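In our numbering, the protein residues as written are 7 to 251.
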Amino acid sequence: MARRLVAGPSQRIHRTANDCGRDHRGQPCRQSPAMSPSAAPDSLPVGGNAAWSRSMPLQLVYTEVAPIYDKVNFMMTGGQDAGWRRQAVGMLELGTSAKVLDIATGTGAVATALAAERPGVSFLGIDINNRMLEYARQRMKRLTFLRPESSWRVAHCAAERLHDIANQSLDAATIAFAMDDLDDTSAALNEVHRVLRSGGRFVVLEFAVRGGNRTIERCAAAGLTVRRTRSLAAGLVRIHLCVKA
């Protein structure tokens, strides 16, 4: 789940890293050409090798809360967050052997929802916070044991720079509560459009913004048409299902 639950809606993260590439064992990813972020040096700071933005200190906050991050989200949502992710993943209607990208994966919680909904997938979660990815890798180890028929990987990578993922190579992508945390939302959505195959699906799970259709407009500008929106938690949470034409 995204940082917004912990940091609060007024605090934004600018994602500036541009390198990626560690699997759940902490080793450089050996992925298929379609999903193969390049390896990042271990010596890089939390945000990768790019210059720190004005909000980068918040990454240090997330580094500190990483050990209790999932518990905090559980408490702040009254235990509903896992169900929201399952509903979001369910809207993807994935087929067998689907390739799925999770943007701003954090501790990899979307992967758990995916494991419950659709066995046999190839999952890649990306994030720029190395500490959060440590916990995501632990989750990938557990899922590899529980769902060995699937592929579970995470990598240090910025959503705006998916350079090592081939054009039209993925079946689906997800982002949970992190759209406004991206450094360049337009660039990230354009990258999602590029890596999705024709007819590929993109699901956005977010807190509703009163009177605003910003997410729908942003996705449409990137060529991702919102086909369906589902409201949850008395309208406080929304899931948008987007499709690449």
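No residue lacks a Cβ here, since even glycine has one placed at the ideal position from N, Cα and C. Owing to the predicted nature of the structure, the values given are computational and were not obtained by experimental measurement.
Whether residue i touches residue j by CB criterion (8 Å)
i: alanine 121; j: aspartate 133; result: no
i: leucine 100; j: valine 71; result: no
i: leucine 176; j: cysteine 225; result: no
i: phenylalanine 213; j: valine 198; result: no
i: arginine 298; j: leucine 247; result: There is simply no residue 298 to check, as the chain begins at 7 and stops at 251 in what is shown.
i: leucine 149; j: alanine 172; result: no
i: valine 160; j: leucine 139; result: yes
i: alanine 179; j: valine 249; result: no
i: phenylalanine 80; j: aspartate 108; result: no
i: isoleucine 222; j: valine 232; result: yes
i: histidine 162; j: asparagine 136; result: yes
Where the beta strand (DSSP E) containing residue i begins and where it ends
i: alanine 179; result: 176-182
i: cysteine 248; result: 243-250
i: isoleucine 132; result: 128-133
i: isoleucine 109; result: 105-109
i: valine 232; result: 230-238
i: valine 160; result: 157-162
Spatial neighbours of residue i in its chain, beta-carbon cut-off 6 Å, leaving aside the 5 residues before and after
i: alanine 94; result: Val209, Leu211 and Ile245
i: arginine 124; result: Leu100
i: glycine 229; result: His199
i: arginine 236; result: Ile245
i: glutamine 33; result: Low confidence applies here, because glutamine 33 scores a pLDDT of 46, under 50, leaving its location unreliable and the question unanswered by this model.
i: leucine 5; result: Since the first residue shown for the chain is 7 and the last is 251, residue 5 is missing from the structure and cannot be characterised.
Extent of the continuous alpha helix (DSSP H) run through residue i
i: histidine 199; result: 191-201
i: serine 116; result: Inspection of the sequence shows that residue 116 is occupied by valine rather than by serine. 115-123 is the extent of the alpha helix (DSSP H) around valine 116.
i: leucine 149; result: 136-152
i: threonine 221; result: 220-227
i: isoleucine 95; result: For the sequence presented, residue 95 should be read as valine rather than isoleucine. First-last of the alpha helix (DSSP H) with valine 95: 87-96.
i: aspartate 187; result: Premise fails: aspartate 187 is in no alpha helix (DSSP H) and is neither H nor E.
i: valine 78; result: 75-82
Neighbourhood of residue i by C-beta, 8 Å cutoff - its chain only, sequence neighbours within 5 removed
i: threonine 113; result: Met7, Ala72, Tyr75, Asp76, Met138, Tyr141, Ala142 and Arg145
i: alanine 119; result: Ala88, Arg91, Arg92, Ala94 and Val95
i: serine 204; result: Gln174, Lys250 and Ala251
Residues of its chain near residue i, where Cβ-Cβ distance is below 7 Å and the 5 sequence neighbours each way are ignored
i: glycine 110; result: It is alanine, not glycine, that sits at residue 110 in the sequence shown. Ala8, Asp133, Ala165, Ile181, Ala184 and Asp187, listed in sequence order.
i: serine 157; result: Ser128 and Phe129
i: threonine 102; result: Gly126
i: leucine 98; result: Ala178, Arg207 and Val209
Integer Cβ distance of residue i from residue j, believed to fall under 8 Å
i: serine 192; j: alanine 227; result: 7 Å
Three or more C-beta pairs below 8 Å linking the segment 175-193 and the segment 138-154: no
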